[in-house]
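Let me begin by presenting the structure, written as structure tokens, before commenting on it.
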Amino acid sequence: MTPTLVRHHLTHTGPSTRVDLWARARDWSEIQERMLVPLYEAVYERLEVGSGTRLLGLGCGSGLALLMAAARGAAITGVEPSSRERLALARQRLLPETWGARARADTRLLERSPGDAADAETPAYTLVTAFEPIGCLAGDSEGLGALLRGTTPLAGHGAAVVLAGWGPPERCTTSAVLRATGLADPPQGTGSRRPAHRDDLEDVARRAGLRPDGSGRVACPFGYADVDSAVRGMLSTGLFDAALAATDPAQVEKEVTEALHPYQRPDGTVWMPNVFRYLIARVP
């Protein structure tokens, strides 16, 4: 999946010309993003997200997690710096005035964190989420600490900050697919596969000056209607971007398809069990 899931999306220059970024974003929005719904629900339920919540979602993708929080009554701000296409889809979901309907006044979607003077007089955020899981590729947490340090000053004292990560490889089918293909390992080792470590999330939180305050695990199986949908969903996560940049995209799709065969059911559907971990940290 993901990693929602990794922070190594192709940019809008160089290798990105090999990928249809709009198709990639639609596949994420229509196929893959919903796979993390159990994670979103578990966090929102545990933290009692509701009408008193002011939520800042970092790496908000195409906005599904924000939509779920808004349905609970939360005021939401989403930040998506890595994909203009995903952000555009989030705006379609959450800012319907673009399509002739009224949008909620307490909804904002931004390309970068709202750390400017204009936000100095707005109420502090009570919850910050970074739902894009880390711990699957080497270096996939790089930049997250700095991002948190830059945004948590906008949150109130004691506000919750939620980080997400991949569970143990033996409980994540996606890890087996990566091992089977070998395509997630770029030539120089950058972004190469790595096993998730128990304290990854705690380490990131502490480096950002946050205080860990509880954690949990959530089963998030990836279920697809057929192999084609599974391949499109997997490729939309960014896990295979290095391979797509280095070799023929058709070959990447072929290898991923073959790696998914063990998880295809007799009716043609694909079922891939995964476990994700989340950490709740607090702003001092």
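Going by my numbering, the first residue of the sequence shown is number 60, and it counts up by one from there.
Ideal placement from N, C-alpha and C gives every residue a C-beta, glycine not left out.
Taking Ala129 as reference, the option from Thr112, Asp199 and Leu319 with the minimal CA-CA separation is Thr112. The beta carbon of Thr328 sits closer than 8 Å to those of Gly282, Tyr283, Ala284 and Asp285, all from its chain and outside the five residues before and after it, given in chain order. DSSP places Ala133 in the coil class of the three-state scheme, outside both helix and strand. For Val221, the closest of Gly204, Leu338 and Asp307 by C-alpha to C-alpha distance is Leu338. Trp81 is classed as exposed because its beta carbon has fewer than 16 other beta carbons within 10 Å across all chains shown. Around the CB of Asp272, fewer than 16 other CB atoms lie within 10 Å, so the residue is classed as exposed. Contact between the stretch 135 to 153 and the stretch 79 to 93 is present: three or more C-beta pairs spanning the two stretches fall below 8 Å.
Assigned with DSSP and collapsed to three states, Glu144 falls in helix. Taken in chain order, the complete alpha helix (DSSP H) segments of 4 or more residues contained in the stretch 80 to 137 are 80 to 86, 96 to 105 and 123 to 130. Gln151 is bridged by DSSP to nothing; it lacks a bridge partner. Shown here, Ser274 sits in a strand according to DSSP, grouped into three states.
The stretch 179 to 192 makes contact with the stretch 112 to 127: 3 or more CB pairs, one atom from each, lie closer than 8 Å. In the DSSP assignment, the residues bridged to Gly282 are Trp330.
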